Amino acid sequence: MSCFLCNSSLGKKLVMSLSGLFLVLFILFHMSMNVVAIISPEGYDAICKFLGANWYALAGTVVLALGVLVHFGYALILTLDNYRARGKQRYAVTTKEPGVSWSSKNMLVLGVIVLLGLGLHLTHFWAKMQLQELLDNHEVVLCNGQVVSPTDGAALIAYTFKEWYNVVIYLVWFVALWFHLTHGIWSMFQTAGCANDTWYPRLKFAANALATLIFLGFAAVVVWYYVAQHCPCCAAC
Amino acid sequence: MNFTLKIWRQKDAKSKGAFETYKVSDISADTSFLEMLDILNNNLVHEGKDPVAFDHDCREGICGMCSLHINGLAHGPGQNATTCQIYMRKFKDGDTITIEPWRSAAFPVIKDLVVNRGAYDQILQAGGYVSVRTNSVPDANAIPIPKADADESMDAAACVGCGACAATCKNGSAMLFVAARVSSLAKLPQGRVEGARRAKAMVAKMDELGFGNCTNTGACQAECPKGISIAHIARLNREFLRAKLRD
Amino acid sequence: MAFKLDAKIPAGALAEKWSNHKAAIKVVSPANKRKLDIIVIGTGLGGGAAAASLGELGYNVKVFCIQDSPRRAHSIAAQGGINAAKNYQNDNDSVYRLFYDTIKGGDYRAREANVYRLAEVSNLIIDQCVAQGVPFAREYGGLLANRSFGGAQVSRTFYARGQTGQQLLLGAYAALNKEIAAGSVKSYPRHEMLDIVVEDGEARGIIARNLVTGEIERHGAHAVVIASGGYGNVFFLSTNAMGSNGSAAFQCYRKGAGFANPCFTQIHPTCIPVHGTQQSKLTLMSESLRNDGRIWVPKKLEDVKALRAGTLKPSQIAEEDRDYYLERRYPAFGNLVPRDVASRAAKERCDAGYGVNETGLAVFLDFKTAIERLGEDIIKQRYGNLFDMYEEITDVSPYKEPMQIFPAVHYTMGGIWVDYNLMTTIPGLYAIGEANFSDHGANRLGASALMQGLADGYFVLPYTIGDYLAKKIQAPKVKTDTPAFDEAEKAVKDKIAKLMSINGKQSVDDIHKKLGNIMWENVGMARTKESLNTAIKEIQALRKEFWKDVKVVGDPMSFNVELEKALRLADFLELGELMARDALNREESCGGHFRSEHQTEEGEALRHDEEFSYAAVWEYKGMDEAPELTKEALDYEFTERKQRNYKD
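This is the structure we're talking about:
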């Protein structure tokens with residue numbers, strides 16, 4: 596049983612599906628947590644502190660990293676297989692088939708963008724938070740000379756999204772994630788065999804709704820923190 | 077109507093192919109696409125040139141022999157139709173039409189637009205049947221089958237094995253073809269008996285023959301001349317995973 | 019030397035003949051079956067089912083088809099259904115009634131014993147196919163559904179939407195795949211049989227061309243089964259697949275097998291009319307449409323003119339101005355008369371000037387009444403795919419305007435002569451399905467072709483072939499390096515070389531179209547002595563033209579479609595003449611064969627049972643020699659021959 600997950604096409608896809616499900620659940624959790632940063636920066640910091648570098652947070656981080664690795668690694672393997680299956684000779688003319696979504700045909704590209712965004716995101720936050728705690732640093736010096744605690748997530752958010760270019764990069768990242776999820780979420784049900792003609796419209800609606808919710812949740816924090824620091828009237832209050 | 081045709085010519089499997097351009101004129105709008113190629117070929121013969129080889133037989137959209145990637149679409153413009161069911165009124169007078177063979181590593185070109193689809197036969201040989209001996213069967217009405225199940229089985233059984241699914245799939249995946257057979261038999265009590273064995277054997281053969289992995293784009297369903305739904309792929313996934321998890 | 023025909027019909031009561039025969043014939047033990055090789059040509063319902071069943075029994079089978087996969091054989095295109103005497107509808111159907119309908123439908127020119135056997139095994143076919151996973155249409159209670167077909171007053175046709183042939187063929191193909199996987203059957207797709215090898219008077223194998231590489235191959239076997247279908251493409255335009263041909267059967271005829279009733283051709287009444295001179299193929303609309311469609315032409319000639327001018331739409335013609343001529347002439351069967359009757363009635367109206375399209379060669383098939391009675395939804399459920407197909411081809415929606423239909427060549431009842439065991443006049447050579455002549459007489463009823471193909475393949479040949487092979491259990495593997503094989507291969511190679519060397523001016527299709535015209539005009543729906551003599555003369559001339567002026571391009575040692583077509587046309591050019599000769603000989607009208615000189619006062623076919631109650635079996639004497647006729651008398655012991663009556 597163990598081997599069909601590595602040597603059969605459907606097994607490999609199941610791994611994609613399950614790791615995808617896991618990542619979606621994590622993203623949902625992360626998004627919910629972020630939204631707290633708008634309502635109450637103190638509350639957000641409390642969550643950061645609670646997670647910190649405790650054993651359960653570390654275990655979670657490791658599992659999460661594995662999830663990303665598996666998801667991306669399998670994506671590479673499957674894509675390579677598919678490239679070979681397509682053959683050396685390509686079509687000279689291709690036309691988009693009716694009813695086929697753009698994202699479904701560009702999942703790898705979207706995935707790579709999401710992964711690059713993730714790398715940047717880790718340097719912006721994880722490297723200044725959990726990593727510092729692991730190194731036993733209780734203070735982090737930012738580029739502008741500001742000194743913050745590794746558990747003061749709200750301050751890091753404010754610091755990062757003061758710059759317009761970070762806001763733009765993150766928004767692009769979220770858009771790519773949105774596209775990736777619109778296909779990925781219903782697709783994981785299909786791959787696991789939990790779909791049919793009655794459920795396709797429902798699953799696709801749910802996928803779009805969830806992807807949009809995730810996008811809005813993440814984007815709201817970024818935009819909120821940027822606007823709050825630049826808009827004169829917001830700064831005043 | 078007049079058309080310019082850009083057609084893939086390739087002498088045999090080993091040769092390198094290239095596009096060649098031909099003109100056909102005075103084609104009636106009621107002419108079928110393949111009749112248009114017949115006319116071109118008859119002209120070529122008169123000029124002493126080798127006619128364009130393409131697969132076709134019944135010309136009624138059921139034998140699954142015709143193929144052709146026309147202007148970037150498997151079986152050309154129009155949905156739920158094979159190439160032989162495409163009529164020239166679907167094109168505009170003066171159009172340039174690009175005609176390519178199926179492109180997929182598992183379907184090597186034999187000549188011009190003719191490809192070898194033997195891989196599909198091999199997949200079915202791996203398990204696309206119910207193992208009953210001639211004459212050792214119960215009465216046809218011995219097992220009632222709900223109409224809905226029989227209808228759904230028929231939906232999948234409509235597959236003509238033309239290869240458009242794998243040819244159009246960006247991953248070169250044969251999943252719709254495999255799913256159609258597995259699903260059709262899975263919906264019937266007669267096929268259930270060997271369901272697990274069948275799903276595993278056919279998927280294993282499909283993988284072995286170098287078809288790609290399905291990424292659920294749905295291009296196969298869009299281009300399938302029989303409009304077979306990817307819901308059958310979901311059922312194949314279910315059948316396969318259930319079988320594997322029980323091993 | 020005329021044939022000594024022995025049909026080997028078993029003695030006894032009609033209903034006991036087959037059981038008695040099975041008990042009497044020899045069987046081959048499993049150990050011996052392994053030593054015997056069988057070649058099957060063709061993978062349609064007959065060939066596919068036979069190859070699968072023979073493989074399953076333990077014989078070594080080689081199966082050949084010209085398509086890229088066994089699944090593509092033209093049986094796949096049968097739309098309507100398959101008959102069986104199950105009596106699931108409780109409408110008093112029985113084996114005898116199916117037998118009687120088939121005998122009567124065939125206008126009393128089939129063998130009683132064969133037809134009864136066919137009706138007898140028809141029920142087994144349905145059981146077999148359901149067990150294979152064929153998704154036949156079902157009722158809400160989960161049991162099998164039926165519909166009616168032409169020539170029957172009971173509902174006995176089983177169907178799978180409009181794709182019954184496809185589903186049955188996929189069943190046989192699946193059974194074949196099972197045997198290919200098991201190693202008992204070896205499949206040779208894209209291979210064409212070009213000659214049969216006969217040695218010491220027995221079939222020993224074939225010469226085949228690999229259609230991809232052009233190589234000529236030898237294959238030996240203890241028995242050869244021809245299941246290559248019919249020869250309707252002699253007419254160029256027909257509902258047959260483009261590749262369907264009579265060459266395999268013709269080679270058998272050339273090598274000494276009798277060819278029976280070649281003139282019996284079925285013209286199907288519901289095809290889409292011809293639209294121009296550049297057409298390659300005619301499209302059939304299923305006979306099942308006649309269940310709900312009503313056939314008519316206008317009563318008034320001025321309406322016909324207005325229709326042709328395009329100033330009037332058919333739907334605008336009032337009910338009282340429509341001539342539902344089938345209902346008028348045949349009240350008891352109405353639109354569901356047998357195919358030959360429906361086709362001739364359409365021709366009669368068109369000849370009288372009432373044909374409705376520009377060519378004057380079309381009649382209407384109208385669903386207006388059915389849509390009013392049942393609603394568009396039900397009609398869509400029943401015929402949706404056919405309506406869509408019609409609209410795709412003609413650009414007219416049958417929901418709004420009636421379909422236009424016209425008869426077209428569809429099926430050939432004639433074929434290689436076989437005895438009760440399905441063996442030809444050459445020992446060890448068998449013919450099954452449409453390739454033989456046996457079961458349909460002068461006209462085949464709808465939904466009976468599938469029945470015959472599967473009956474022969476699953477339930478008859480696997481038994482009867484044992485009777486011959488039991489004598490071969492001591493025979494060694496057939497050697498293919500014998501003079502007979504050398505000679506056959508050389509003949510094939512010479513023929514190819516000759517065709518390639520002519521380098522004339524006309525393409526194969528140019529000449530084939532000419533042949534088609536000659537056949538349709540003179541050997542078509544209505545034949546006369548004069549037209550048939552004309553046909554013979556013109557075909558002979560055309561054949562000479564072909565061998566002098568055909569142009570076959572390309573390399574014979576490669577994939578070469580023009581060469582394939584030329585080889586087939588060479589045979590059609592002889593077969594066409596044989597058909598005309600047979601039609602000329604048969605001075606009567608029966609079923610699909612209508613001699614204008616022989617009709618009743620009402621214009622119905624007039625048989626002459628005293629003189630022509632026989633199967634005309636022809637023996638080949640050479641390309642330009644007249645063939646020799648032997649008659650197999652058809653004795654009607656169990657049925658009374660009547661004028662076919664579909665009126666009351």
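Chains as they are written, first to last, in my numbering: chain U, 596 to 832; chain R, 77 to 323; chain X, 19 to 666. We put the CB at the ideal spot given by N, CA and C, even for glycine. On a predicted model such as this, the values are computed, not experimentally measured, just so you know.
Check, Outcome
"If contact is defined by three or more beta carbon pairs under 8 Å, each pair taking one atom from either stretch, is the region 140-151 of chain R in contact with the region 583-595 of chain X?", "no"
"Is it buried or exposed, X/N439, if we count other Cβ atoms within 10 angstroms and call 16 or more buried?", "buried"
"Roughly how many angstroms separate the alpha carbons of R/A218 and X/K35, rounded to a whole number?", "28 Å"
"Pick helix, strand or coil for X/D341, following the three-state DSSP scheme.", "strand"
"Using C-beta distances below 6 Å, list every residue in its chain close to X/D627, excluding the 5 sequence neighbours before and after it, in chain order.", "R659"
"Enumerate in chain order the residues of its own chain whose CB-to-CB distance from U/S612 is below 6 Å, with the five nearest sequence positions on each side excluded.", "M783, T786 and A787"
"By DSSP's criteria, R/E96 is part of a beta bridge. Which residues make up the other side?", "R/I83"
"Who are the near neighbours of X/L319 in its chain, counting only those whose CB is closer than 8 Å to its CB and skipping five residues on each side?", "G371 and Y372"
"Are the CB atoms of R/H151 and R/A232 within a distance shorter than 7 Å?", "no"
"Does the CB of X/S37 have a neighbour CB from chain R at under 7 Å?", "no"
"Using a Cβ cut-off of 7 Å, pull out every chain U residue sitting near R/A151, in sequence order please.", "According to the sequence provided, residue 151 of chain R is His. The question's Ala does not apply to it. The premise fails here: R/H151 is roughly 11 Å from chain U at the closest Cβ pair, so nothing lies under 7 Å."
"Compute the Euclidean distance between the alpha carbons of X/I27 and X/A131, then round it to the nearest angstrom.", "7 Å"
"Quick check: U/Y639 and U/A749, are their CB atoms within less than 7 Å of each other?", "yes"
"Could you tell me which of X/S304, X/T500 and X/D358 sits nearest to X/N667, measuring between CA atoms?", "In the structure displayed, chain X extends from 19 to 666; residue 667 of chain X sits before or after that span and is not available."
"Do you know how far the Cα of X/D111 is from the Cα of X/V152?", "23 Å"
"Tell me the DSSP bridge mates of X/K80?", "X/I57 and X/K204"
"Taking a contact to mean a Cβ-Cβ separation below 7 Å, would you say X/S246 touches X/I59 in this structure?", "yes"
"X/I43 and X/D437 look like a contact to me (Cβ under 8 Å); what is the Cβ gap, rounded to whole Å?", "Not a contact, Cβ separation roughly 12 Å."
"In three-state DSSP terms, what is X/Q85?", "coil"
"Along the beta strand (DSSP E) that carries X/C289, what are the first and last residues, could you check?", "T283 to C289"
"Counting only beta-carbon atoms, is R/G267 nearer than 7 Å to chain U?", "no"
"Mark X/K331 as exposed unless 16 or more other C-beta atoms lie within 10 angstroms of its C-beta, in which case mark it buried.", "exposed"
"For the beta strand (DSSP E) that X/N228 lies in, which residues bound it at each end?", "E220 to N228"
"Three-state secondary structure (DSSP) at U/V610?", "helix"
"Give, in chain order, every residue of the region 269-294 of chain R whose Cβ lies closer than 8 Å to some Cβ of chain U.", "V279, A280, M282, D283, G286, F287, G288, N289, C290, T291, N292, T293 and G294"
"If we define contact as Cβ-Cβ less than 7 Å, is U/N677 a contact residue for chain R?", "yes"
"Is the separation between the beta-carbon of X/Q284 and that of X/H428 shorter than 7 Å?", "yes"
"Can you tell me which of the three DSSP states X/N101 falls into?", "strand"
"Could you pull the start and end residues of the beta strand (DSSP E) that X/W314 belongs to?", "R312 to P316"
"To the nearest angstrom, report how far apart R/D131 and X/Y114 are at their CA atoms.", "44 Å"
"Please say whether R/T159 and R/F109 have beta carbons closer to each other than 7 Å?", "yes"
"Expressed to the nearest angstrom, what Euclidean distance is found between the alpha-carbon atoms of X/N673 and X/F455?", "Within the shown structure, residues of chain X are numbered from 19 to 666, placing residue 673 of chain X beyond reach of any answer."
"Please say whether U/V688 and R/T174 have beta carbons closer to each other than 7 Å?", "yes"
"Using the Cα positions of U/C789 and R/L317, report the straight-line distance between them to the nearest angstrom.", "11 Å"
"Of the choices R/G248, R/E228, R/E284 and R/T244, whose alpha-carbon is the least far from that of R/R257?", "R/E228"
"Please work out which residues of its chain come closer than 7 Å, Cβ to Cβ, to X/L383, disregarding the five sequence neighbours upstream and downstream, and give them in chain order.", "T288, L307, G311, I313, P420, M421 and I423"
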